[in-house]
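Notes to accompany the following structure.
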Amino acid sequence: MTRKQWFLLLGLGVVAPFVLYPVFVMKMLCFALFACAFNLLLGYTGLLSFGHAAFFGGAAYVAGYAVKSWGVPPEIGILIGLGVGAILGAAVGALAIRRQGIYFAMVTLALAQIVYFVAVKAPFTGGEDGLQGIPRGRLFGIVDLNDTMNMYYFVLAIFLLAFWSIARIIDSPFGQVLKAIRENEARALSLGYDVDRFKLLAFVLSAALAGLAGATKALVFQFASLTDVHWTTSGEVVLMTLLGGVGTLFGPMVGAFTVVALHSELSALGSWVTVIIGATFIVCVLVFRRGIVGELQALAQRHFWGRREANEAELAQIEQGSKSKP
Amino acid sequence: MEEDYILEAKGLVKEFRGFVAVNGVDLKVRRGSIHALIGPNGAGKTTVFNLLTKFLPVTRGQILYQGRDITHYSPARVAQIGIVRSFQISSVFPHLTALENVRLGLQAKAGGSFAFWRSGALLHRFDEAALALLEQVGLREYAKVMAVELPYGRKRALEIATTLAADPELMLLDEPTQGMGTEDVEAITALLKRMAQGRTVLMVEHNLGVVAHLADRITVLQRGTVLAEGTYAEVSSNPEVIAAYLGVAHA
Ligand SMILES: Nc1ncnc2c1ncn2[C@@H]1O[C@H](COP(=O)(O)OP(=O)(O)OP(=O)(O)O)[C@@H](O)[C@H]1O
Ligand SMILES: [Mg+2]
Numbered sequence: 052m053t054r055k056q057w058f059l060l061l062g063l064g065v066v067a068p069f070v071l072y073p074v075f076v077m078k079m080l081c082f083a084l085f086a087c088a089f090n091l092l093l094g095y096t097g098l099l100s101f102g103h104a105a106f107f108g109g110a111a112y113v114a115g116y117a118v119k120s121w122g123v124p125p126e127i128g129i130l131i132g133l134g135v136g137a138i139l140g141a142a143v144g145a146l147a148i149r150r151q152g153i154y155f156a157m158v159t160l161a162l163a164q165i166v167y168f169v170a171v172k173a174p175f176t177g178g179e180d181g182l183q184g185i186p187r188g189r190l191f192g193i194v195d196l197n198d199t200m201n202m203y204y205f206v207l208a209i210f211l212l213a214f215w216s217i218a219r220i221i222d223s224p225f226g227q228v229l230k231a232i233r234e235n236e237a238r239a240l241s242l243g244y245d246v247d248r249f250k251l252l253a254f255v256l257s258a259a260l261a262g263l264a265g266a267t268k269a270l271v272f273q274f275a276s277l278t279d280v281h282w283t284t285s286g287e288v289v290l291m292t293l294l295g296g297v298g299t300l301f302g303p304m305v306g307a308f309t310v311v312a313l314h315s316e317l318s319a320l321g322s323w324v325t326v327i328i329g330a331t332f333i334v335c336v337l338v339f340r341r342g343i344v345g346e347l348q349a350l351a352q353r354h355f356w357g358r359r360e361a362n363e364a365e366l367a368q369i370e371q372g373s374k375s376k377p
Numbered sequence: 022m023e024e025d026y027i028l029e030a031k032g033l034v035k036e037f038r039g040f041v042a043v044n045g046v047d048l049k050v051r052r053g054s055i056h057a058l059i060g061p062n063g064a065g066k067t068t069v070f071n072l073l074t075k076f077l078p079v080t081r082g083q084i085l086y087q088g089r090d091i092t093h094y095s096p097a098r099v100a101q102i103g104i105v106r107s108f109q110i111s112s113v114f115p116h117l118t119a120l121e122n123v124r125l126g127l128q129a130k131a132g133g134s135f136a137f138w139r140s141g142a143l144l145h146r147f148d149e150a151a152l153a154l155l156e157q158v159g160l161r162e163y164a165k166v167m168a169v170e171l172p173y174g175r176k177r178a179l180e181i182a183t184t185l186a187a188d189p190e191l192m193l194l195d196e197p198t199q200g201m202g203t204e205d206v207e208a209i210t211a212l213l214k215r216m217a218q219g220r221t222v223l224m225v226e227h228n229l230g231v232v233a234h235l236a237d238r239i240t241v242l243q244r245g246t247v248l249a250e251g252t253y254a255e256v257s258s259n260p261e262v263i264a265a266y267l268g269v270a271h272a
């Protein structure tokens, strides 16, 4: 990621709450983080999880409970969410990674349903009512998060830090191996990469970051509900990621913003929202297969860099030809 | 003497739901040699490769590498101890550049790949070695080109560079010249000859010209069993081989 992009993102983040409702932007940021975490797995490792709501919602419940009942400070609550995501991710990942393709998705879905079942039945989750009245508390014992703007900048900081981490992971030596696995698993294995262990670590990282997003969301809205762990939320994050552009850094963020905005704009239409979002999704998949950001990148490449690179390759080929036929 | 052989397979058997694809194959590969595995289509050559590299579990039999029993190793472990294979169909990382492809081979050898918190700039320490390897296979100009965009022959050259980057002691190449024009075949043959210095190569190859030129020793496989073994002169004058192998080729 370039410095310019960082400043743009930071600038937009800082001014957004003056243009839009801060709570609305915070919701966008939570889901954007969730989608970016998910994309680490789908976009950069090639694994389709259909159970990411378990990490998002599970972390929301546990972090919410810790803050509400044990009185831990908000920053610790957030870290608990991260940890819960990681632990659940390790458990689900360990069972799922041995499966390929659709079977992998099915195992993650099945295990996520167990988490959902626990959320319905367990005494501490509040069942159908959800876990309500989670206090936001004071950040580091000083900053009052009941002030919306304080809360907003806390969420923005979490988001930017997590987004930076994701960009770093993608760029790291580890991320390079993930891309290799996505591109050609058998070849990665034949070079000596222990593919299953790489996949598991990617799964844990992705789940931990999804947990971070869930815990943050619980603090923002001061409740955790069954919707957070429901399979439709797992589906929604898939949709956001594909809509924005899987395997692109900014795609999931754009996808999440779009879906959250659609939900809120169309909320008056009741259950029709689902239909409209579903239709939007179908159109996008058919017309812009690479997602919004993916298509924009492809367009930019065709018009600028693409041409230059093609020229370089051509030149190289000509050089090559003149060498081999003196 | 035992140490003469880097790899020894004893009584390898592979059954697929009742169908016996490999039926009691014994194979000894001498250290430092180029050993060819030939035979008609469906003879079980690729399956033997899959067994040796643990991409498939053996039904029966034993595999020794440097005297170690590796019969129940994982494929990644097999590669880590020095046996790196290539695949019959071209097998690159398509949406990574040629440079990145080769770097992945170097990175595999160097380790430290779980470091998700470290900067990607670290990978540049492999650039020089990667470029040198690309140079050797005639791909230096293509360093920044996506593997998917390379012509077929160059993809296969890239594969060899990537395999070499992992610095294997024993290279298993499954038909490195398959589907190539004569010019490319010559280039790859010359390349393999150079690359084989100081290594052991076990290769499946259909092109008998290449085999004659490169191989120190040849094993002929037919319907899952070893039909003959020896030098090119020995094997090519064996009437059974002529009947089975050449007979098929000329049919
Ligand atoms: N996974 C599998 N399941 C079932 N049968 C298989 C499997 N892999 C290979 N076979 C069968 O085993 C036999 C040997 O196949 P193999 O691919 O090893 O042959 P080969 O000698 O490499 O042939 P070719 O020259 O065409 O590459 C064939 O009859 C093939 O159909
Ligand atoms: Mg074969």
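Going down the list, the sequences are from chains E and G. Offset between the first sequence (1-based) and the working numbering: plus 51. Offset between the second sequence (1-based) and the working numbering: plus 21. All C-beta atoms, glycine included, are put in the ideal place defined by N, C-alpha and C.
Quick one: which chain E residues come within Cβ less than 8 Å of residue i?
i, result
"residue 96/G", "240 and 241"
"residue 128/G", "224, 227 and 228"
"residue 187/G", "242 and 243"
Starting from residue i, find everything on chain E with Cβ-Cβ shorter than 9 Å and list it in chain order.
i, result
"residue 215/G", "Near residue 215/G there are no residues of chain E at all, since even the closest Cβ is about 17 Å away, more than 9 Å."
"residue 82/G", "Per Cβ cutoff of 9 Å: no residues; residue 82/G is ~21 Å from chain E at best."
If we call anything under 9 Å between Cβ atoms a contact, is residue i one with residue j?
i, j, result
"residue 142/G", "residue 127/G", "no"
"residue 184/E", "residue 124/E", "no"
"residue 101/E", "residue 276/E", "no"
"residue 128/E", "residue 118/E", "yes"
"residue 299/E", "residue 94/E", "yes"
"residue 158/E", "residue 147/E", "yes"
"residue 105/E", "residue 280/E", "yes"
"residue 311/E", "residue 79/E", "yes"
"residue 42/G", "residue 115/G", "no"
"residue 211/E", "residue 114/E", "no"
"residue 3/E", "residue 61/E", "Outside the displayed range of chain E (52 to 377) lies residue 3/E, so it cannot be described from this structure."
"residue 116/E", "residue 176/E", "yes"
"residue 303/E", "residue 86/E", "yes"
"residue 29/G", "residue 84/G", "yes"
"residue 224/G", "residue 195/G", "yes"
"residue 274/E", "residue 182/E", "yes"
"residue 197/G", "residue 213/G", "yes"
"residue 102/G", "residue 86/G", "yes"
So what's residue i in DSSP terms, helix, strand or just coil?
i, result
"residue 240/G", "strand"
"residue 217/G", "coil"
"residue 271/G", "Reliability fails at residue 271/G, whose pLDDT of 47 lies under 50, so the model's placement of it is uncertain and no value is given."
"residue 176/E", "helix"
"residue 195/E", "strand"
"residue 72/G", "helix"
"residue 72/E", "coil"
"residue 145/G", "helix"
"residue 234/G", "helix"
"residue 291/E", "helix"
"residue 59/G", "strand"
"residue 228/G", "coil"
"residue 150/E", "coil"
"residue 95/E", "coil"
"residue 238/E", "helix"
"residue 109/G", "coil"
"residue 103/G", "coil"
"residue 275/E", "strand"
"residue 247/E", "helix"
"residue 165/G", "coil"
"residue 79/G", "coil"
Which whole-angstrom value is the C-beta distance of residue i and residue j, which I expect to be below 8 Å?
i, j, result
"residue 50/G", "residue 33/G", "Contact doesn't hold; Cβ gap of about 13 Å is too wide."
"residue 261/E", "residue 107/E", "5 Å"
"residue 122/G", "residue 184/G", "Contact doesn't hold; Cβ gap of about 11 Å is too wide."
Starting from the beta carbon of residue i, find every residue of chain G whose beta carbon is closer than 9 Å, and list them in chain order.
i, result
"residue 220/E", "137 and 138"
Closer than 8 Å by beta-carbon distance: list the chain G residues that pair up with residue i, in chain order.
i, result
"residue 95/E", "Going along chain G, no residue has its Cβ under 8 Å from residue 95/E, so there is no contact; the nearest lies around 11 Å."
Residues of chain E with a CB under 7 Å from the CB of residue i: which are they?
i, result
"residue 101/G", "243"
"residue 178/G", "The contacting residues do not exist; residue 178/G stays about 12 Å from chain E at best."
"residue 191/G", "Neighbours of residue 191/G on chain E: none; closest Cβ ~13 Å, over 7 Å."
Check your understanding: Of the residues that make up the stretch 103-123 of chain G, which ones have a beta carbon closer than 8 Å to any beta carbon in chain E?
Key -> Under the 8 Å Cβ criterion, the stretch 103-123 of chain G contributes 105, 106, 107, 108, 112, 113, 114, 115, 116, 117 and 121.
Exercise for review: Name, going along the chain, the residues of the stretch 141-174 of chain E whose beta-carbon falls closer than 7 Å to a beta-carbon of chain G.
Suggested key: For the stretch 141-174 of chain E, no residue has a beta-carbon sitting nearer than 7 Å to a beta-carbon of chain G.
Practice item. Give the residues from the stretch 49-75 of chain G that approach chain E closer than 9 Å (Cβ to any Cβ), ordered along the chain. Key: Taking 9 Å as the Cβ-Cβ cut-off against chain E, the residues of the stretch 49-75 of chain G that qualify are 74.
Exercise for review: Pull out every residue of the stretch 226-237 of chain E whose Cβ sits closer than 8 Å to any Cβ of chain G, in chain order.
Suggested key: So the close ones are 226, 227, 228, 230, 231, 234, 235 and 237.
Review point. In the stretch 133-159 of chain G, which residues sit with their C-beta less than 9 Å from some C-beta in chain E, listed in chain order?
Key: Against chain E - using a Cβ distance shorter than 9 Å - the residues of the stretch 133-159 of chain G are 133, 134, 135, 136, 137, 138, 139, 140, 141, 142, 143, 144 and 159.
Review point. Of the residues that make up the stretch 246-271 of chain E, which ones have a beta carbon closer than 8 Å to any beta carbon in chain G?
Key: Of all residues in the stretch 246-271 of chain E, 246, 248, 249, 252 and 256 have a Cβ within less than 8 Å of some Cβ in chain G.
Check your understanding: What residues in the stretch 26-37 of chain G bring their beta carbon closer than 8 Å to a beta carbon of chain E?
Key -> Closer than 8 Å at the C-beta level to chain E, one finds no residue of the stretch 26-37 of chain G.
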